[in-house]
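Undergrad: Heads up, the final residue of the sequence shown is numbered 946 in my numbering, and it's a clean run with no missing numbers. Idealized CB from N, CA, C, for every residue including glycine.
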Amino acid sequence: MKIEVNGAPLEVEPRPGQCLRTLLREHGHTEVKKGCDAGDCGACAVILDGQPVHSCIIPAMRVEGSTVTTAAGLAPGDGLHPVQEAIIEKFGFQCGFCTPGMSVTASTLTEADLPDLDRRMKGSLCRCTGYRPLREAITGAVRETGRRAAIAEQDVSEKDAAAPTSVCGDACEGSCDTAAAAKSSGIGSSGVGTSVSPEPARRVVQGREPYTFDEPATGALVLRVVTSPHAHARVLSIDTSAALAVPGVVAVFTHEDAPATRYSSGRHEHRTDDPDDTRVLDDVVRHVGQRVAAVVAENSRAAERACRLVEIEYEVLPAVFDAAAARMPGAPLLHAERTPDDRVADASRNVVAALHDGYGGDIDAALAASPIRVAGTWQTSRVSHAQLETHGSVGWMDDEDRLVIRSSTQVPFLTRDELGHIFDLPRERLRVYAPRVGGGFGGKQEIFTEDLVALAVLHTGRPVAYEFSRTDQFQRASLRHPMRVSVELGANEDGSLTAIKLDVLSDTGAYGNHAIGVMFHGCSESISLYNAPAKRVDAEAVYTNNVPSGAFRGYGLGQVQLGVESALDMLAQRLDLDPFEVRRINAVRDGDPLLAWHAEHEPEVRWGSYGLDQCLDLAQGALARGNGVTAPDGWLVGEGMASTLIATMAPRGHIAHATATLGPDGTYALRTGTAEFGNGTTTVQRQIAASVFGVDAGRVTLQHADTDGVAHDTGAFASAGTTVAGKAVYAACIALRDRMLGLAAVLHGAEPGACSLTAEGVRTPSGVVPFGEIVAAAAPEHQSSDGLTAHGAEYGDERSLAFNVHAVRVAVEPSTGSVRILQSVHAADAGFVMNPAQCRGQIEGGVAQGVGSALYEEVYIDDRGAVVNPMFRTYRVPQFADIPDTEVYFADTSDDLGPFGAKSMSESPYNPVAPAIGNAIARALGRRPYEQPFSRDRVWRIAQAD
C-alpha cells in the first residue's frame, strides 16, 4: 500500500486493526504523539487529504493513496508554518507534547474560522498553558496568513510581500508582548529578566524534540500487565501456561518472581518520608486495576493476547471505599502488618499519617469565647493530572552491564536510588535519565513503570518498553487526594481572628505514596498564613480500596485552602467586611513568626522578601477596574478572592548539583540533574549562565536529567528548578568565572579584579587572553574532556516564602447551574521574574488547572471501587472555551535567598483558584457550595434550594 507523507512516497503494510498513528510512528514519524488513542486530545493530529484528523482513530488500511502531512511537514525543509512561528513567539507551549498536533489542526484554519475558534480547536487539549498564548498565536498567525495571501493576489512586488511583519497583524506595530519577547531574545539580551524562548522551541513545534518513546529502542520487548478486577483480594494461584504458549511471548512475571522488598512509589529526598507498603507485584491486591502479573512479548498483540490468557484465582476480601468508614472499628484493614517502622501511623485503623496538635490552650474554649464564629465542611474531588504524555519507560543493559532506564520522570536520581534498593543493585550499576517530559504536575514524582521494566530487563537481558495507556493513567497512576476539610474560625468584631480549628481527612487510596507529606504540607501552610492566638489541627490520612492518591501541583494546599479561604469569606460576609481587608487584618506580615500547630517559627524558613500586601492591592485594584465583560441577562453575578502562601522549596533539604564548563572555542556547557517537563527551568538555567558570563544564551548548551551527568539532584518538584537547581547552576557559573579570571590574571601577571570577561576571552590590563589558552593553563583537576570545569551545589537549607492572590467575577445561571468566569485576576509574589513570558505561562497554566478542579474535573468511583470515567471523553479536561484569559500581575519584590532575587512560581498559582471561584458563586447565589467541583448539577441544586 502506498501513501505520501510530508511530500515523500511511502510504501507500507498495515497490520489488521492498526491505526494511522502507530503506522506513522513505526515509519519514523514520531512527531505524531499518543495522548489518548481515542480521538479526544488531538496530540496525534495530522492532515489527511487536506483535512485535519486524529490519526489514532483512522484505520491505516483506509488511507491507501492518500497524502498525509504531519507537524514536521507543515513547511518546506526545516521551515516553520506561520502558526508554528507564532506559537514560539507567543510562548504557546510548555511541556510541548500537545504542540505538534495543535500546530497541525491550527494550520488548517482560515479567518472565517476565527469567530468560532473555541469550537474549531475543542478537540485539541493542552494541560499546561491555559490556552491564552495559543489563542493569541493562532489568531495572529491565521490573520497574518490571510493578509499575506491577499497581498500575493494583488501581485505586490516580491520585496514588499517578503517584508517582515508581526504575527499579531497590522494593528500590533511591534508594541505587543510578542514583539517585546522577540526583541528580548536578541544577541546580548538573553540573560535573566528577559523572555527568552526555550532552546528546543523549533523542534518542539515540529514534533522533532524527542520524548521517552520517540528515541529508538531497537528490538525492545513490549510489557503489558494483567490487572485485578477486585478492589481487595488475595491471589491464591496464577496459571501462566496458556499465556507462555502464545507465539512471541518471552516471559510472564508474578509476585513469585518479584523482590520481597517493600517500598513506596512516591519519591522524596529522604526515602523514609513515605511508607514502605508496596511491592513490584503483590499477592494481595488493594484496588481495582492493580497489576497482578506482567507479560513481556515481542510485540503488543502477543502481549495483550497473553494477558487475557493468564488465569488467576482470587480470594475476595472485604473492601472499604469511604475514608471516614475506613478508620472505624471493624473496617477491613488494607495493610494490617505494617508498623510505624514502615512509616504507617496506625495500621489497625488504616491510618497512614496522623496529626493532632495545636497551641494557645483549649481550642474549643477559645472558640466559645469568641464574639464571632463561623464554620463549614468542604469536600474536594479526585483529579487526574491528565498530562498528555502518559507514564512510561524503556530499559536495557548497556555495554558496561549497567541497567539503563529512560523514563518520563521528574525524579531520575531518586528513581535510580530506589531501583537499587528494590533490586539490591549498587548505584554504579544503574543509570536513569529523562528526555523531555510531556507534563508532570507531580504525577511523575513516582515509580509506576520503571520497577516493572527493571524486573523484566534483569530477567530477560533484553530491552523492554512499558507505556501506559490513557485508561492506565486513570486506573493505575495516582490522583489528587480527595479531602474532607472542616474549618471553624473565631474572631473579634473587628475581623481579627481569635482561633482557628482545622479538621482534615485525606483519602490516600490503596497505598500511602505522598500521603504523609501532602497532609502535613496542606495543613501547615494553609493556616500559617494567618495569625491567631490559638490554633488546632486534627488531620489523618487513611487507606481505602480506591485508586491511590499522590503528589499533585500544590501538594495538598489547594484542598485545605478551599476550606480555610472559604471560611474567611464567610467571616467577611458575617461582619460585612471586604474580603481583601479581612486578609490584611489577619495575614502574617514581614518578619512575623510562621505558626501552624506549633508555637515556634520553623527554623529553616526565612523571610527573604514579602509581597502579599502588593498582591492584595494588585488583585483588588484589577477587580475594581473590571474588564468590560458583562453577564448575560438573568444571570447572577458575584465576586470572590482567596490568598495563599507557599514555601519556596520542600522542607528538610532539596539538593542539586551542577557543573559549568568552558570550551576552548568560548562556548559554555552546563550539566544539571533537573528534568524539563514544561517548567521552563532549562531555559532559566541557560539564562543564568548567560548573565554570569555576559554572553547570549545561544552560546550556552545544557545537558540535564541524567544520573551520569552530575553527582545528585533531588528532582523537579516543589518548584525547585529555579530556587534550588538554579542556585546550583549560579554557583557553578560563578566558580567557573572566578577560575577563568584567576587563570588569565596569572598568565598576564595581573590581579583578578582587574580582569573581565569578553566575547573573545578574558581581558586583562595587558590584553585579551583567548579562551583556548585559559583552558590549556588549567590544573588537571579542573579540566574535563570538554574544557575547564567548575562545580556548584545547593542543599536547600533555608526556604523563603511566596504569596499568590486570585480574584474572579463570575456569572451564574440559576436555572441551569452554569458558571461563567467574567474576569480572572492573579497577583503573584515571584520575586525577581527570571523569564516574564515563561513565568506568566506557569501562572496561567496553574490557574487553568485550578479552574478545572473548581468547575469540571472529577474521577468517579463506582460501588466496586472501579474508575467510571477513565478517558478524556468522560473526564472533563478544560478546553479552549472553558478557560478565560487571566490578568497576571507581579509584585515588585526581590528575594534574599533566590538566585538573582527569584522565588518559585510553578505550584502555587493553582492553590487559590478554587476557593476564589467558590466564594464568588456563594456571593452570586447567596448560598455557599461545599462540594468540589462546583459542577452545573451541584450549583443548580444550590440555586434551587429553599
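At what residues does the alpha helix (DSSP H) containing V437 begin and finish?
TA: As a first step, residue 437 must be located in the sequence shown, where it is residue number 437. Run containing V437: none; DSSP gives neither H nor E here.
Undergrad: For a quick check, are the C-beta atoms of S566 and V518 less than 9 angstroms apart?
TA: As a working note, residue 566 is residue 566 in the sequence shown. As a working note, residue 518 is residue 518 in the sequence shown. No, Cβ-Cβ distance for S566 and V518 is not below 9 angstroms.
Undergrad: Quick one: what does DSSP say D569 is sitting in, helix, strand or coil?
TA: What you label residue 569 is simply residue 569 of the sequence shown in a count that begins at 1. D569: helix per DSSP, three-state reduction.
Undergrad: Can you tell me which residues form a DSSP beta bridge with K535?
TA: Walking along the sequence shown from the start, residue 535 turns up at place 535. K535 pairs with Y359 and I500.
Undergrad: Mapping the DSSP letters down to three states, classify I734 as helix, strand or coil.
TA: The residue you call residue 734 lines up with position 734 of the sequence shown. Of the three classes helix, strand and coil, the one that applies to I734 here is helix, per DSSP.
Undergrad: Once you ignore the five residues that flank H27 on each side, which residues in its own chain have a CB closer than 7 angstroms to its CB?
TA: Residue numbering aside, residue 27 sits at position 27 when the sequence shown is read from its first letter. Cβ within range, chain order: L10 and V12.
Undergrad: Can you grab the Cα-Cα spacing for the pair L662 / E604, in whole Å?
TA: Mapped onto the sequence shown, residue 662 falls at position 662. Mapped onto the sequence shown, residue 604 falls at position 604. Straight-line Cα distance between these residues: approximately 35 angstroms.
Undergrad: If you draw a straight line from the C-alpha of P329 to the C-alpha of R349, how long is it?
TA: Residue numbering aside, residue 329 sits at position 329 when the sequence shown is read from its first letter. Residue numbering aside, residue 349 sits at position 349 when the sequence shown is read from its first letter. C-alpha separation (whole angstroms): 7 angstroms.
Undergrad: Kindly indicate the opening and closing residues of the alpha helix (DSSP H) around Q84.
TA: Looking up residue 84 in the sequence shown gives position 84. Note, Q84: alpha helix (DSSP H), P82 to E89.
Undergrad: Could you compute how far the alpha carbon of T681 sits from the alpha carbon of D708?
TA: Stepping through the sequence shown from its first residue, residue 681 is reached at position 681. Stepping through the sequence shown from its first residue, residue 708 is reached at position 708. Straight-line Cα distance between these residues: approximately 19 angstroms.
Undergrad: Quick check on the burial criterion: 16 or more other C-beta atoms within 10 angstroms. Buried or exposed for G591?
TA: For the purposes of this step, residue 591 is taken as residue 591 along the sequence shown, with counting starting at 1. Result: exposed.
Undergrad: Tell me whether the beta-carbon of S107 lies closer than 9 angstroms to the beta-carbon of I47.
TA: Taking the first residue of the sequence shown as position 1, residue 107 is located at position 107. Taking the first residue of the sequence shown as position 1, residue 47 is located at position 47. Contact: yes.
Undergrad: Relative to the C-alpha of F520, which candidate in D507, Y543, Y555 and G509 has its C-alpha closest?
TA: Within the sequence shown, numbered from 1, the residue matching residue 520 stands at position 520. Checked all of D507, Y543, Y555 and G509; the closest Cα to F520 is Y555.
Undergrad: Output the boundary residues of the beta strand (DSSP E) element that contains I47.
TA: Start at 1 with the first residue of the sequence shown, and residue 47 comes out as number 47. Note, I47: beta strand (DSSP E), A45 to L48.
Undergrad: Name the residue from T701, Q932, F771 and C755 whose alpha carbon lies nearest to the alpha carbon of G761.
TA: Locating residue 761 in the sequence shown gives position 761, counting from the first residue. Comparing Cα positions, the closest option is F771.
Undergrad: Determine, using beta carbons only, whether K903 and A802 come nearer to each other than 9 angstroms.
TA: Within the sequence shown, the letter at position 903 stands for residue 903. Within the sequence shown, the letter at position 802 stands for residue 802. Their beta carbons are under 9 angstroms apart, which means K903 touches A802 by this criterion.
Undergrad: State the Cα-Cα distance for the pair P318 and A233, rounded to the nearest angstrom.
TA: By one-based count along the sequence shown, residue 318 stands at place 318. By one-based count along the sequence shown, residue 233 stands at place 233. Spanning the two alpha carbons is a distance of roughly 8 angstroms.
Undergrad: May I have the straight-line CA-CA distance separating R305 from A243, to the nearest angstrom?
TA: Here the question's residue 305 lines up with position 305 in the sequence shown. Here the question's residue 243 lines up with position 243 in the sequence shown. Straight-line Cα distance between these residues: approximately 8 angstroms.
Undergrad: Quick one: what does DSSP say K727 is sitting in, helix, strand or coil?
TA: Stepping through the sequence shown from its first residue, residue 727 is reached at position 727. In this structure, K727 counts as helix in the three-state DSSP scheme.
Undergrad: Helix, strand or coil: how does DSSP classify P216 here?
TA: The count along the sequence shown starts at 1 and reaches residue 216 at position 216. Coil, per DSSP.
Undergrad: On the DSSP bridge list, what partners appear for Y543?
TA: Against the sequence shown, residue 543 aligns to sequence position 543. Answer is G509.
Undergrad: Which residue marks the beginning of the alpha helix (DSSP H) containing R941, and which one marks its end?
TA: Numbered from its first residue, the sequence shown carries residue 941 at position 941. It spans R936 to Q944 - the alpha helix (DSSP H) in which R941 sits, taken as one unbroken run.
Undergrad: So, helix, strand or coil for S526, using DSSP?
TA: For the purposes of this step, residue 526 is identified with residue 526 of the sequence shown, where counting begins at 1. In this structure, S526 counts as helix in the three-state DSSP scheme.
Undergrad: Would a C-beta distance cut-off of 9 angstroms place T390 and S408 closer than the cut-off?
TA: Position 390 of the sequence shown, counted from the first residue, corresponds to residue 390. Position 408 of the sequence shown, counted from the first residue, corresponds to residue 408. Contact flag set, yes.
Undergrad: Look up M397 in the DSSP assignment and give the residues it is bridged to.
TA: Taking the sequence shown and counting its residues from 1, one reaches residue 397 at position 397. The partner list for M397 (beta bridge, DSSP) reads L403.
Undergrad: Near D895, what residues of its chain come up, given a Cβ to Cβ distance below 6 angstroms and the 5 sequence neighbours on each side ignored?
TA: In the sequence shown, residue 895 corresponds to position 895, counting from 1. So the list reads G608, S609, S800, G831, G901 and K903, once near-sequence residues are dropped.
Undergrad: For Y889, which residues of its own chain have a beta-carbon under 6 angstroms away from its beta-carbon, when the five flanking residues on both sides are left out?
TA: In the sequence shown, counting from the first residue as 1, residue 889 sits at position 889. Hits under 6 angstroms: L618 and A827.
Undergrad: CA-CA distance, G169 and D417?
TA: Numbered from 1 along the sequence shown, position 169 holds the residue referred to as residue 169. Numbered from 1 along the sequence shown, position 417 holds the residue referred to as residue 417. Any reading at G169 needs caution, since the residue's pLDDT is 33, under 50, leaving its predicted position unreliable; the model's value is listed next. Roughly 52 angstroms between the two C-alpha positions.
Undergrad: Do you know whose CA, among L479, R279, P780 and M1, lies nearest R62's CA?
TA: For the purposes of this step, residue 62 is identified with residue 62 of the sequence shown, where counting begins at 1. When each option's Cα is compared against that of R62, the closest is M1.
Undergrad: Rounded to the nearest angstrom, what separates G42 and N492 at their Cα positions?
TA: If you number the sequence shown from 1, residue 42 lands on position 42. If you number the sequence shown from 1, residue 492 lands on position 492. Near 54 angstroms, if we compare the C-alpha coordinates of N492 and G42.
Undergrad: Could you pull the DSSP bridge partners for N804 from this structure?
TA: For the purposes of this step, residue 804 is identified with residue 804 of the sequence shown, where counting begins at 1. Its beta-bridge partners are T644 and A828.
Undergrad: Check whether the Cβ atoms of Y211 and K33 sit closer than 9 angstroms, and answer yes or no.
TA: Against the sequence shown, residue 211 aligns to sequence position 211. Against the sequence shown, residue 33 aligns to sequence position 33. Taking 9 angstroms as the Cβ cut-off, Y211 and K33 qualify as a contacting pair.
Undergrad: Report all residues from its chain with a CB closer than 7 angstroms to the CB of R864; omit the five preceding and five following residues, and keep chain order.
TA: As a first step, residue 864 must be located in the sequence shown, where it is residue number 864. Taken in chain order, the residues that qualify are A231 and V288.
Undergrad: Please tell me whether A539 and L355 are closer than 9 angstroms, where the distance is taken between their beta carbons.
TA: Reading the sequence shown from its first residue, position 539 is the one you call residue 539. Reading the sequence shown from its first residue, position 355 is the one you call residue 355. Yes, the pair counts as a contact, with Cβ atoms nearer than the cut-off.
Undergrad: Do Q410 and V374 have their CB atoms nearer than 9 angstroms?
TA: The residue you call residue 410 lines up with position 410 of the sequence shown. The residue you call residue 374 lines up with position 374 of the sequence shown. No, these two residues do not count as a Cβ contact at 9 angstroms.
Undergrad: For the segment 442 to 491, which segments carrying the beta strand (DSSP E) assignment without a break, of at least 3 residues, lie completely within its bounds, in sequence order?
TA: The segment 442 to 491 contains these whole beta strand (DSSP E) runs: 464 to 467 and 483 to 491.
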